[in-house]
Amino acid sequence: METALELETKHRCRTVYRLDGGAGTDDKLRWLLQRDYHVVAKGFSGRRAQAWAQRVQRWDHYGADAWLGQVAPPVDWGRPVRVVVKKWPLNQAWKHSYYLTTLPLSSNTALLQLYDLRGGAEVEQFREDKGGLHLSAGFVPLLISRGFHALNLT
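Residue 47 in the working numbering sits at position 43 of the sequence shown; the count goes up by one each step and never skips.
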């Protein structure tokens, strides 16, 4: 992706990647963060989310029947990140997911809204290497307009 977009080092710190759960592995996140990209990502592990939910000190209501709580990052991704756990009831039990970002957002709710809205930008999803970009399924850069530009922070 980096080669396809011809991103120079100075542009990476203004580029945001949105990763779905399947693409949000630790190795992929570390690679992006080491290259100075920003991320808005859903973690890949429901078990991890459930374990991290036990560390949440305060839950805030989110949406109709979900709650959000922030935890100190239990994994070292090499850069400061915000980690938010989401829980919601399903079949008389709690389901969990977690999200992380490097963006300086105003709240946990802002993170989930950004993730859910896909940044308000047109999102192009690559499945099985469409366009010859050699991207795995779920690896989703935020794209704007019909051109091929990663979301650029100004």
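A virtual CB, placed ideally from N, CA and C, is assigned to each residue, including glycine. These numbers come from a predicted model, not from an experiment.
So what's threonine 113 in DSSP terms, helix, strand or just coil?
When secondary structure is reduced to three states using DSSP, threonine 113 falls in the helix class.
Go through its chain and collect everything with a Cβ distance to phenylalanine 16's Cβ below 6 Å, but skip five positions before and after it.
Residue identity check: residue 16 is arginine in the sequence provided, not phenylalanine. Once the five neighbours on either side are set aside, the close Cβ partners of arginine 16 are Arg39, Asp40, Tyr41.
For valine 89, tell me which candidate among Gly82, Arg83, Trp98, Trp81 has the shortest Cα-Cα distance.
That would be Trp98, whose Cα lies nearest to the Cα of valine 89.
Local conformation of glycine 73 per DSSP, three classes:
Looking at glycine 73 - three-state DSSP - the assignment turns out to be strand.
Using only the alpha-carbon positions, how far apart do tyrosine 21 and arginine 83 sit?
Roughly 15 Å between the two C-alpha positions.
Looking only at its own chain, which residues have a Cβ that is under 6 Å from the Cβ of aspartate 64, when we skip the five neighbours before and after it?
Hits under 6 Å: Leu72.
Using a Cβ cut-off of 9 Å (strictly closer), state whether leucine 107 contacts chain D.
Looking at the structure shown, chain D is missing, and only one protein chain is on hand.
Quick one: residues in its chain with C-beta nearer than 6 Å to the C-beta of alanine 57, no 5 flanking neighbours on either side, listed in chain order?
Excluding residues within five positions, the ones whose Cβ falls inside 6 Å are Val89, Lys91, His100.
Residue of Leu116, Thr13, Glu10, Asp31 minimising C-alpha distance to aspartate 80
Ranked by Cα distance from aspartate 80, the options Leu116, Thr13, Glu10, Asp31 are led by Asp31.
Rounded to a whole number of angstroms, what is the C-alpha to C-alpha distance between lysine 14 and leucine 104?
Straight-line Cα distance between these residues: approximately 23 Å.
Do valine 87 and alanine 70 count as a contact pair if the criterion is CB distance below 9 Å?
Taking 9 Å as the cut-off, the Cβ atoms of alanine 70 and valine 87 do not count as close.
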